[in-house]
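Comments concern the structure below.
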Amino acid sequence: MELPQFRLTLVRVAPRPVAKDGPQGPQGAGGCDPWATAVPLKDAGRPDLAYVLHTSGTTGPPKTVRVPHRCIVPNILHLRSLFQMSPDDVVFLASPLTFDPSVVELFLALSSGAQLLMVPAVIKKMPSRLAQLLFKDHRTTVLQVTPTLLMRFGRRILKQDVLSSTSSLRVLALGGETCPSPAQLRSWRHEDNKTCLYNIYGITEVSCWASCCRIPEPLTASSVSLGTPLMDTVVEVRDEDGCVVTQGEGQVFIGGKDRVCLLDGEDTVVPGTMRATGDWVNVKDAELHYLGRKDRMVKRNGKRLNLDSVQQLILSLPRVEACAVGLHEGVRLLAFVVASTSGAHEHQGEADGADGDLQRSVLKQLSPLVPSHCIPDTVVLVPALSLTPHGKADMKALMRIYEKQREWLRPSRLEVGGIKQTLRTLWQDALGLPADASVDEQSNFLYSGGDSLKALRLCEDILAAVGVSSPQLLEVILDGSFSDVLHLATQMLPERRGSSPSSRKRDADLPATVPAKRGRQAERTEQQSLRCTVVRRGGEVQAMDRGDVDAGEEPWDGKDAGDDSHKRGGVCLGLSWSSDTGRCVDASPVILVRGVAGQRARATVFIGSHSHRIQALDLLSGSLLWERVLGDRMEASAAVSRCGALVVVGSYDGGVYFLCTESGETKWVFKTEDAVKSSPGVDPLTGLVVVGSHDGHVYALDPQVRRCVWKRHCGGGAVFSSPHLQASHRRLYVASLGGRLLCLSLDGGDVLWSYCRDKPFFSSPNCFSGRIVIGSVDGSVCCLSDTGELLWQFLTEAPVFSSPSFIPGQQRLLCGSHDGRLYCLNCGDGSLVWSFQTSGKVYSTPCVFEGSAVGSRGALVGLASTDGTVWILDARDGRVVASHALPGELFSSPVVWEQSLVIGCRNDFVYCLNLTADA
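With full-length UniProt numbering, letter number 555 in the sequence shown gets 555, and the count goes up by one each step, no holes.
Given below as structure tokens:
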């Protein structure tokens with residue numbers, strides 16, 4: 001019986017048959033043949049199970065593991081022999097019963113007649129009391145533990161009690177995590193200690209241990225190997241092509257004839273099945289040296305980074321008791337450090353300065369040892385590493401600690417009067433300056449010792465502090481003074497404190513006064529006179545002069561989106577105007593809002609059709625401003641360049657057209673090798689235009705110099721969907737009809753990771769809070785981490801061509817399906833919040849917008865179904881607020897600006913519907 005809500009499996013166990021004359025045949029190790037009466041792995045559909053465990057998911061997706069007797073018994077027998085167990089031993093049950101090493105601890109003791117020492121869980125959290133119980137009160141002789149749990153004792157207790165000269169401990173077996181270096185083990189141990197140290201390695205899916213290494217004395221080697229395979233276990237190393245590696249790097253695979261467990265829904269497994277571990281090793285002279293988990297080997301700034309190697313290096317530094325290294329939201333490198341309580345560091349000859357700042361000391365010591373991309377952005381001091389129930393470092397809990405420490409920077413706590421002190425602190429932290437160091441207001445960040453990576457880190461910290469995005473901030477940090485950065489940050493801050501939602505939206509058009517870049521005053525003055533806001537499908541709003549809000553980031557703060565204390569007023573939808581394009585309109589509109597100081601803003605709609613024509617229409621009146629006939633039909637939505645002077649659109653003739661927004665005049669045409677149905681994305685920092693083609697490539701185009709900067713083949717299949725840019729993280733997400741989702745470096749097109757679905761992606765990827773979401777033709781809405789790991793998937797009842805969008809201020813996303821429903825899902829786990837059944841199929845992307853312009857507080861959703869109906873829904877619960885029927889099919893996505901909703905229709909027309917409050 002499976003009880004997944006309790007992570008519990010109940011199995012009915014029947015007595016095993018015993019031969020009347022006793023076991024026959026040769027005896028095995030330990031005095032009996034463990035297989036003399038064993039039942040085959042599959043017996044009438046009921047495997048001979050010893051126990052069932054649920055993995056925690058810390059090193060991969062959670063699994064149910066059903067372990068047969070014949071899989072775990074060899075572990076007990078072999079380790080019992082290696083550790084030379086006897087009835088005189090005392091074995092500490094260090095692992096919880098939910099962690100498979102507990103099985104080894106239990107049966108090492110019970111099968112040897114030894115004592116099994118169990119203590120309350122609360123005592124395990126008290127290092128001094130635990131050491132007293134283990135090594136003074138009960139004289140523990142065998143300890144199997146994770147390195148992180150062992151380090152909780154601290155160096156003083158380790159040396160005085162655990163590994164002292166008179167310690168009762170005979171055997172210390174370290175497993176479940178990277179083994180500490182011999183140098184570190186030596187620093188924990190009294191020189192006269194006689195404890196035998198072992199490194200044990202394995203995975204729950206082949207329960208429990210696979211190899212064992214007795215760490216050789218003296219502890220002078222540079223690293224510890226994984227050792228030799230245990231009884232009946234086969235350990236192989238394979239490269240990415242599946243070939244066995246005898247020298248060099250590869251992934252560990254574990255198995256054996258009888259060392260096989262049943263995972264999740266498996267009913268039977270072929271004997272000898274080899275399980276991939278996800279662990280990477282280096283094979284040298286027939287020894288396996290652990291490098292780290294595959295998901296702990298990441299690319300940072302385009303360069304390879306082994307998080308475990310950085311962690312081990314920091315652990316070797318003086319004054320560091322314990323350490324855990326991870327990436328926050330896949331970008332920011334954090335080192336969580338526990339300071340040593342011993343005085344050992346005083347004898348290392350380290351001159352750290354009078355202030356003794358450990359954080360700066362760690363960064364200073366690392367600088368000459370590793371490349372710049374391996375230096376942590378932040379060293380977070382913690383009193384102790386948070387642990388999972390299994391005794392491993394809990395990275396999720398540590399990340400929450402970091403987020404709480406940054407909470408004081410949030411906009412709700414940051415007032416204009418405190419921005420200068422906050423900026424000074426962030427400036428000092430980024431440069432590694434002492435807290436009491438003075439900051440000259442005219443000092444330049446680079447001239448003060450900064451570099452581009454540190455500048456990016458400072459930029460991210462400032463954006464987190466003020467709560468809005470600005471592509472100009474990084475440029476000002478690099479080229480301006482402290483005073484310039486302060487001026488820009490101060491101008492950004494009030495935007496988050498508008499008196500009402502409507503004032504916030506109107507003010508989004510108006511740029512702050514930005515400090516001029518040195519030597520470009522005239523250019524800045526000209527640009528400041530023109531203010532541009534671009535509105536695209538999904539509710540994406542880009543304020544060109546103020547900053548770019550990435551799709552999936554929050555174009556408005558959603559402060560009232562979840563407020564249930566008010567009653568939402570009604571909304572009416574009525575026809576404002578329509579324009580005949582000559583053929584059906586599948587493309588979605590893009591709206592450019594431009595204003596000159598002292599004048600009323602002017603909004604223009606750009607949209608192409610199958611008639612080869614692209615139109616520029618006045619949003620207010622619907623009058624035709626200009627029309628161009630291009631080389632072939634247009635199915636892709638247009639984009640607007642960073643400067644606001646060019647509209648960019650792809651065509652079936654393979655061309656990417658750059659047209660003047662004012663006149664429609666062609667400024668440049670870039671030719672790909674097949675039709676362009678992908679909507680371009682625009683990098684707000686560099687101005688690059690990124691677009692996909694049916695030739696299978698994605699292109700990065702520079703309209704200023706009129707050339708292709710880079711292109712990347714996407715691994716098979718046309719690129720139909722639109723690329724998604726994360727400008728602040730310098731990442732690009734692009735999907736293909738070959739079923740691949742790629743994460744590329746925005747600056748060079750390098751592949752950072754790829755995810756293969758083997759089903760076409762017509763949906764465009766979107767991201768929010770470090771998660772990437774995309775719909776699939778197989779009916780799934782998939783959510784991946786920023787390292788490409790599938791976190792969850794939600795299955796609809798038909799293909800998903802709709803692209804996901806997010807509700808600001810809430811952890812919710814929206815996505816339509818060909819089953820006719822719009823789904824609102826929880827971003828965290830993919831659970832269904834609500835769904836709405838339309839009267840057709842949902843091909844379009846839902847548009848989330850603020851309802852204040854129509855007298856309604858909170859978020860509304862604009863949606864189109866293929867039967868021609870436009871819907872306005874309440875984002876909280878999916879309730880219909882208004883609807884309007886158009887005389888044709890709708891594949892275009894609605895775009896909303898203030899009180900206007902614009903959409904293309906397959907009856908050849910573009911429609912603008914007026915949104916008004918229901919009187």
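Where is the CB? At the ideal position from N, CA and C, for every residue including glycine. Keep in mind it's a predicted model, so treat the numbers as computed, not measured.
Quick one: what's residue i bridged to in DSSP?
{"i": "leucine 825", "result": "Leu813, Leu832"}
{"i": "leucine 49", "result": "Pro68"}
{"i": "alanine 183", "result": "The partner list for alanine 183 (beta bridge, DSSP) is empty, contrary to what the question assumes."}
{"i": "threonine 141", "result": "Its beta-bridge partners do not exist; DSSP assigns none."}
{"i": "cysteine 708", "result": "Leu701"}
{"i": "arginine 332", "result": "His328"}
{"i": "glutamine 726", "result": "Arg731"}
{"i": "serine 865", "result": "Serine 865 pairs with nothing; no bridge assigned."}
Just to confirm before moving on: does the CB-CB distance between residue i and residue j stay below 8 Å?
{"i": "arginine 319", "j": "asparagine 306", "result": "no"}
{"i": "valine 698", "j": "lysine 711", "result": "yes"}
{"i": "serine 785", "j": "glycine 330", "result": "yes"}
{"i": "arginine 178", "j": "tyrosine 51", "result": "Sequence check: residue 178 is threonine here, not arginine. No, the pair does not count as a contact, with Cβ atoms beyond the cut-off."}
{"i": "threonine 204", "j": "glycine 391", "result": "no"}
{"i": "valine 669", "j": "proline 680", "result": "no"}
{"i": "proline 182", "j": "isoleucine 215", "result": "yes"}
{"i": "cysteine 782", "j": "leucine 795", "result": "no"}
{"i": "serine 165", "j": "histidine 190", "result": "yes"}
{"i": "serine 893", "j": "asparagine 914", "result": "no"}
{"i": "phenylalanine 801", "j": "histidine 818", "result": "yes"}
{"i": "serine 95", "j": "serine 86", "result": "no"}
{"i": "glycine 775", "j": "cysteine 815", "result": "yes"}
{"i": "alanine 173", "j": "glutamine 132", "result": "no"}
{"i": "leucine 333", "j": "tyrosine 402", "result": "no"}
{"i": "valine 535", "j": "valine 895", "result": "yes"}
{"i": "cysteine 572", "j": "glycine 644", "result": "no"}
{"i": "leucine 822", "j": "phenylalanine 836", "result": "yes"}
{"i": "glycine 250", "j": "valine 234", "result": "no"}
{"i": "valine 337", "j": "valine 380", "result": "yes"}
With a threshold of 16 other CB atoms inside 10 Å of the CB of residue i, please say whether the residue is buried or exposed.
{"i": "methionine 118", "result": "exposed"}
{"i": "lysine 841", "result": "buried"}
{"i": "tyrosine 657", "result": "buried"}
{"i": "cysteine 905", "result": "buried"}
{"i": "aspartate 877", "result": "exposed"}
{"i": "lysine 454", "result": "buried"}
{"i": "glycine 343", "result": "With a pLDDT of 44 at glycine 343, under the threshold of 50, the modelled position of this residue cannot be trusted; read the value that follows with caution. By the 10 Å Cβ count, glycine 343 comes out exposed."}
{"i": "cysteine 213", "result": "buried"}
{"i": "tyrosine 733", "result": "buried"}
{"i": "leucine 130", "result": "buried"}
{"i": "arginine 70", "result": "buried"}
{"i": "glutamate 665", "result": "exposed"}
{"i": "leucine 624", "result": "exposed"}
{"i": "aspartate 394", "result": "buried"}
{"i": "glutamine 442", "result": "exposed"}
{"i": "glutamate 105", "result": "buried"}
{"i": "cysteine 912", "result": "buried"}
{"i": "lysine 159", "result": "buried"}
{"i": "serine 852", "result": "buried"}
Assuming residue i and residue j make a contact with CB atoms under 8 Å, what is their CB distance in whole Å?
{"i": "threonine 273", "j": "valine 260", "result": "5 Å"}
{"i": "leucine 863", "j": "valine 881", "result": "Their Cβ separation, rounded to whole angstroms, is 11 Å, which puts leucine 863 and valine 881 out of contact at 8 Å."}
{"i": "serine 844", "j": "leucine 890", "result": "6 Å"}
{"i": "valine 640", "j": "glycine 608", "result": "That belief does not hold up - the Cβ atoms of valine 640 and glycine 608 are roughly 14 Å apart, past 8 Å."}
{"i": "glycine 779", "j": "proline 799", "result": "6 Å"}
{"i": "serine 693", "j": "glycine 715", "result": "Going by Cβ atoms, the distance from serine 693 to glycine 715 rounds to 14 Å, so no, they are not a contact pair."}
{"i": "residue 993", "j": "leucine 741", "result": "This structure leaves residue 993 out entirely; the chain is present only between 1 and 919."}
{"i": "leucine 230", "j": "serine 211", "result": "6 Å"}
(Q) What ranges does the alpha helix (DSSP H) occupy inside the stretch 250-321, keeping only unbroken runs of at least 4 residues that lie completely in it? (A) 307-315
**Q.** Unbroken stretches of the beta strand (DSSP E), 3 residues or longer, contained in the stretch 367-411
**A.** 378-381
(Q) As an exercise, report each continuous beta strand (DSSP E) stretch of at least 3 residues that is fully enclosed by the stretch 763-806, in chain order. (A) Complete beta strand (DSSP E) runs here, min 3: 766-768, 771-775, 780-785, 790-795.
**Q.** Sequence ranges, alpha helix (DSSP H) only - wholly within the stretch 155-227, length at least 4
**A.** 182-188
Q) At what residue ranges does the stretch 582-650 contain a whole run of the beta strand (DSSP E), taking only runs of 3 or more? A) 590-596, 602-608, 613-618, 624-629, 646-650
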